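The structure appears below as structure tokens.
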Amino acid sequence: MDYQKLFNSEISGESVAAWKAQGKKALGVLCCHVPVEILHALDIMPVRLRATGVTETPDGDTWMSTFSCSYARGIVQHWLDGVYKDLDGIVATDGCMMTWRAFDNAKYTDELKDAGKFHMLIGAPRVYGTYKDLGHEFYVEELKDMITALEEFTGKKLTDENLKASIAKYNEARELVQKVYELRKEKHPVISGEDCLKITLAYSDIPVEEYIELLKAFLEDAKNRAPITDKRARLMIIGSALDNPGYLKVIEDKGGLFVHDALCYGSRPFNYTMEVNDGDILGSIADYYLTRLICPRMMDNRERMQRWITDTAKEFGVDGVIYEKMQYCECWGGESMFLEPMLKEAGIPMLAVEREEHLANAGQLAIRAEAFIEMIEKED
Amino acid sequence: MPKDTRLEDAVMAGEMSVFDFCCEKVEGQMERMKEKNPDLLWTLQIQYDMWHQVRDAHANGKKLVFFGGPVPVDIIVAFDCVPVYLDTIPIRLSPNPVLTGKFIDAAERFVPPTTCGLCKTYLGTLVEDQYGVKADAFVYSTVPCDSSRVVYPNMERMMNVPTFSFDFPFRRDDRGYEYMVNQIERFVTFMEEFTGKKLDWDKMKEAMTNSNNTFELQGKCCDLRKHKPCPLPGRMLVLNGTSNAMACYPEMANLLQQELEVGQMMIELGMGPCPGGEKHRAALLQNMPWSSSGIMDWMEREYDTVAIMDAFGFQHGDIYEDLNNRHDCFKTMGKKMQNNPMIHGAAGPVENYTYLVDKIFSDYEPDVSIFLGHIGCKHTWAVAKIVTDMIQNKYGIPSLYLDIDGIDGRYKSLDEMKGQLSDYFDTVVNK
Chain X
103 MDYQKLFNSE ISGESVAAWK AQGKKALGVL CCHVPVEILH ALDIMPVRLR
153 ATGVTETPDG DTWMSTFSCS YARGIVQHWL DGVYKDLDGI VATDGCMMTW
203 RAFDNAKYTD ELKDAGKFHM LIGAPRVYGT YKDLGHEFYV EELKDMITAL
253 EEFTGKKLTD ENLKASIAKY NEARELVQKV YELRKEKHPV ISGEDCLKIT
303 LAYSDIPVEE YIELLKAFLE DAKNRAPITD KRARLMIIGS ALDNPGYLKV
353 IEDKGGLFVH DALCYGSRPF NYTMEVNDGD ILGSIADYYL TRLICPRMMD
403 NRERMQRWIT DTAKEFGVDG VIYEKMQYCE CWGGESMFLE PMLKEAGIPM
453 LAVEREEHLA NAGQLAIRAE AFIEMIEKED
Chain B
2 MPKDTRLEDA VMAGEMSVFD FCCEKVEGQM ERMKEKNPDL LWTLQIQYDM
52 WHQVRDAHAN GKKLVFFGGP VPVDIIVAFD CVPVYLDTIP IRLSPNPVLT
102 GKFIDAAERF VPPTTCGLCK TYLGTLVEDQ YGVKADAFVY STVPCDSSRV
152 VYPNMERMMN VPTFSFDFPF RRDDRGYEYM VNQIERFVTF MEEFTGKKLD
202 WDKMKEAMTN SNNTFELQGK CCDLRKHKPC PLPGRMLVLN GTSNAMACYP
252 EMANLLQQEL EVGQMMIELG MGPCPGGEKH RAALLQNMPW SSSGIMDWME
302 REYDTVAIMD AFGFQHGDIY EDLNNRHDCF KTMGKKMQNN PMIHGAAGPV
352 ENYTYLVDKI FSDYEPDVSI FLGHIGCKHT WAVAKIVTDM IQNKYGIPSL
402 YLDIDGIDGR YKSLDEMKGQ LSDYFDTVVN K
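Chains as they are written, first to last, in our numbering: chain X, 103 to 482; chain B, 2 to 432.
In structure tokens:
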């Protein structure tokens with residue numbers, strides 16, 4: 103099977119159009135605490151919204167002001183430009199305040215146009231460890247509301263059978279992506295960071311069934327891919343929502359090779375599979391979505407996340423960590439206070455860089471990356 | 002006569018703690034006011050009480066509970082602890098940009114410069130170890146914003162004291178209120194373990210009664226501002242914020258009672274703060290310009306424009322009803338926490354914000370609309386157009402967008418603000 107579709111990181115809408123041609127619905131998803139399995143089980147194609155490819159955001163700036171992160175403004179710009187015109191609406195959670203305001207603005211502008219789209223934002227707890235029972239119960243009730251609304255929207259009923267089948271599908275996708283990441287543990291991996299990010303971005307708007315087949319084909323062919331031998335330092339990238347593979351390319355062109363990441367468009371949605379208690383499927387979903395390490399919007403998982411980053415960097419033989427922060431992204435803004443000393447203790451230097459959605463400062467980034475790589479490269 | 006900057010210099014040199022500064026500063030202000038304007042001493046008394054209570058807590062055998070965001074202060078006080086509202090520090094320091102600059106710069110080693118100045122100041126004070134007192138416990142909430150959500154957990158780890166965090170639901174509905182009630186019960190357990198005492202419901206009732214008095218009086222003071230002309234200056238709105246820390250103390254009610262009496266007297270005299278008589282009533286749609294609250298005095302002098310209300314939502318606090326019904330009280334407490342200013346509008350669906358602003362316009366009848374936007378408050382900037390479009394469509398009033406830093410006065414000077422406001426008044430309001 104030709105798996106090249108995995109490397110097309112543009113938002114094409116082709117898969118959405120094909121899905122909808124079958125008489126089914128497709129909804130945009132913001133952010134990582136919307137259980138896509140529920141949507142899938144109701145025959146809704148979940149499409150994680152992104153800002154990939156946006157070059158200017160005049161309307162996004164007008165609606166969200168220039169004091170918002172350019173990623174969120176980019177999403178609003180795409181929404182207003184009709185990039186996602188085939189979607190039937192948006193389902194969101196209160197992720198970071200930028201994405202929930204992107205939802206508010208998209209909903210408001212849709213209502214002004216009487217677009218007849220579906221909009222729903224459910225609340226997800228931000229504190230889960232301290233009094234887990236309360237947050238769990240709250241989130242399960244929110245999910246039930248979401249299910250009721252989606253059943254009415256689709257005219258379909260959610261069954262345990264369909265839900266379990268969807269969970270199995272998404273778990274399969276997660277396991278396959280984990281295998282892709284395992285390839286990067288090699289001394290000379292067969293996939294660059296740029297290409298790996300393309301693969302994980304493709305998940306955003308390809309139906310999971312197709313995505314699984316593409317991944318299988320890629321993994322089957324992995325043994326035929328040429329190992330990358332000309333890089334000088336193994337890197338890990340962490341930080342704000344990054345949906346632009348070109349960013350990694352700038353750094354990899356300077357001799358770095360990304361072998362892992364802590365990105366919500368990268369490894370994070372795939373790092374863990376969901377364990378299902380047949381007697382409490384919704385509870386299993388709630389537990390999975392609230393405990394997996396995906397975003398610092400959860401306030402009591404920071405230490406765990408920082409330990410994961412440090413441990414993963416050690417496991418993958420990382421020479422240096424690049425901590426990219428979107429301007430106006432506070433969510434990812436405060437990790438260095440405790441993470442940098444942890445990495446330092448592990449002998450792993452960290453470079454912090456600020457960025458915008460549109461890669462306007464590529465030259466500056468390249469210079470800084472090259473200097474960092476020179477500093478950390480080790481002899482074989 | 003050169004200004005006496007001994008206290009500021011000592012803070013800058015790291016030789017004086019922030020709380021010592023606040024205490025000595027208000028002592029000096031009260032001395033001067035006793036000589037020049039003793040009738041206005043009441044405006045400073047609450048500050049005197051608050052700062053000294055914090056600084057002297059340990060000496061008085063009380064535990065200090067630092068808190069960020071809306072938390073049940075009434076419970077903290079019922080346990081005989083002294084609540085320390087972190088926001089009061091940047092607000093107090095903000096008139097002097099050099100002071101806030103010191104702590105903001107310290108914080109920016111660890112958090113982005115775009116983080117809210119409120120959060121940067123109290124993080125920076127901890128980084129510089131200049132509180133002068135040690136917290137015995139730390140309580141915070143998951144609102145209002147991403148800035149606080151980054152800073153509070155970091156401060157928790159730095160302080161390394163017993164900590165409780167409240168998770169705020171996104172919407173204000175019955176499910177959310179019950180979620181808050183359940184967390185408040187867990188908080189009571191936390192406080193019982195922390196203090197080694199059981200919650201004394203009589204002390205709880207006393208705190209709630211004081212809180213009710215405060216918010217009833219605050220509501221009456223806000224109602225005065227509906228009068229034309231508005232009897233009270235815009236600057237009085239700044240004092241409302243003190244209720245976040247002091248609502249359950251009788252001193253806060255004393256302040257508001259005085260404010261109410263002054264306001265009623267001004268109404269009887271037909272007077273207001275504008276020298277030429279009130280010509281315009283301005284609604285401020287976001288935060289307070291703490292670092293440059295003089296801008297409101299200037300608007301009154303230059304354009305006879307009084308800031309009649311801001312979008313904090315202090316207008317009408319929730320009142321405890323049946324003080325013997327624990328669940329009912331905790332439900333009200335949860336509502337109060339969710340309706341806490343800047344949470345009321347800012348930290349949930351945009352509909353909460355537009356509802357609040359719509360009510361300001363319908364209740365207070367401003368004819369001038371200014372989005373005097375603290376740049377750290379990005380989630381309000383991100384829906385400012387939705388709010389100001391509503392004002393334009395429903396009330397026919399165009400809004401001025403004026404970006405400021407409510408805490409870091411280095412961002413924009415008072416003169417720059419005056420220039421932008423003058424343009425707006427001269428070309429739009431008074432055209």
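The C-beta atom is built at its ideal place from N, Cα and C for all residues, glycine as well.
Predicted model, so just to flag it, every value in this text is computed and none were measured.
Asked: Cross-chain neighbours of B:Trp202 in chain X, by beta carbon under 9 Å; Found: Per Cβ cutoff of 9 Å: no residues; B:Trp202 is ~23 Å from chain X at best.
Asked: Neighbourhood of X:Asp402 by C-beta distance below 7 Å, restricted to the same chain and skipping five residues each side; Found: Val229, Tyr230, Gly231, Thr232
Asked: Environment of B:Gly1 [buried if 16+ CB atoms lie within 10 Å]; Found: Lying outside 2 to 432, the shown extent of chain B, residue 1 of chain B is not represented and no answer is given.
Asked: Selected residue, minimal CA-CA separation from X:Gly155, among X:Val136, X:Trp181, X:Phe169; Found: X:Trp181
Asked: Distance between beta carbons of X:Gly435 and B:Val151, contact taken as under 8 Å; Found: 5 Å
Asked: Residues in the stretch 165-183 of chain B having any Cβ partner in chain X nearer than 9 Å; Found: Phe165, Ser166, Phe167, Asp168, Phe169, Pro170, Phe171, Arg172, Arg176, Gly177, Glu179, Tyr180, Asn183
Asked: Positions along the stretch 392-408 of chain X whose CB lies within less than 9 Å of some CB in chain B; Found: Pro398, Arg399, Met401, Asp402, Arg404, Glu405
Asked: Buried or exposed (CB count within 10 angstroms, at least 16 for buried), B:Gly235; Found: buried
Asked: Where X:Met477 falls: helix, strand or coil (DSSP); Found: helix
Asked: Check: B:Ser294 C-beta below 7 Å from any heavy atom of the ligand FMN; Found: The ligand FMN is absent from the structure shown, which contains no ligand whatsoever.
Asked: Reference B:Asn511, options B:Tyr356, B:Lys64, B:Asp319, B:Phe426, closest by Cα; Found: Since the displayed chain B opens at 2 and closes at 432, residue 511 of chain B lies outside it and no answer follows.
Asked: Whole-angstrom distance between B:Phe139 and B:Phe104, CA atom to CA atom; Found: 20 Å
Asked: Nearest residue (CA-CA) to X:Ser117, options X:Tyr313, X:Ser167, X:Asp380; Found: X:Tyr313
Asked: Segments of 4+ residues assigned as alpha helix (DSSP H) that fall wholly inside the stretch 93-149 of chain B; Found: 98-108, 118-128
Asked: Length of the line joining the Cα atoms of X:Val131 and X:Ile249; Found: 15 Å
Asked: Closest Cα partner of B:Cys146 within the set B:Gly377, B:Tyr425, B:Asn431, B:Gln219; Found: B:Gly377
Asked: C-alpha gap between B:Glu454 and B:Phe313, whole angstroms; Found: What the structure shows of chain B is the stretch from 2 to 432, and residue 454 of chain B is not part of that stretch, so it cannot be assessed.
Asked: 4 or more residues per run - each alpha helix (DSSP H) lying fully within the stretch 255-306 of chain X; Found: 262-285, 295-304
Asked: With 16 other Cβ atoms within 10 Å as the buried cut-off, status of X:Met487; Found: Because residue 487 of chain X is not part of the residues shown, which for chain X are 103 to 482, the question remains open.
Asked: Proximal residues to X:Lys259 (C-beta, below 7 Å), its chain only, five neighbours per side dropped; Found: Glu253
Asked: Inter-residue CB distance, B:Ala283 and B:Val369 (contact presumed, cutoff 8 Å); Found: 4 Å
Asked: Bridge partner(s) assigned by DSSP for B:Met374; Found: Just to set this straight, residue 374 of chain B is Gly in the shown sequence, not Met. B:Gly374 pairs with B:Asp404.
Asked: X:His221, DSSP secondary structure in three states; Found: strand
Asked: Within 8 Å, strictly: CB atoms of X:Val342 and X:Arg150; Found: First, the amino acid is wrong: residue 342 of chain X is Ser here, not Val. Not in contact: X:Ser342 and X:Arg150 (Cβ atoms no closer than 8 Å).
Asked: Which residues DSSP lists as bridging X:Ala454, in chain order; Found: X:Tyr425
Asked: Those runs of the beta strand (DSSP E) which lie wholly inside the stretch 129-198 of chain X and span at least 3 residues; Found: 146-150, 191-195
Asked: Same chain, Cβ closer than 7 Å to B:Asp311, five either side skipped, listed in chain order; Found: Leu238, Leu285, Met289
Asked: X:Gln106 burial status per 10 Å Cβ neighbour count (16 or more: buried); Found: exposed
Asked: Within chain X, partners of B:Trp382 - CB distance below 8 Å; Found: Met166, Ser167, Phe169, Ser170
Asked: B:Thr428 classed as buried or exposed, judged by whether at least 16 other C-beta atoms fall within 10 angstroms; Found: exposed
Asked: Extent of the continuous beta strand (DSSP E) run through B:Pro84; Found: 83-86
Asked: Cβ contact check for the stretch 208-227 of chain X and the stretch 191-198 of chain X: 3 or more pairs under 8 Å; Found: yes
Asked: Element boundaries [alpha helix (DSSP H), containing X:Ala415]; Found: 404-417
Asked: Residue span of the alpha helix (DSSP H) that contains B:His281, given as start and end; Found: B:His281 -> not in any alpha helix (DSSP H); beta strand (DSSP E) instead, spanning 281-285.
Asked: Beta-carbon gap between X:Pro227 and X:Lys300 smaller than 8 Å; Found: no
Asked: Min CB distance B:Thr116 to chain X below 8 Å; Found: yes
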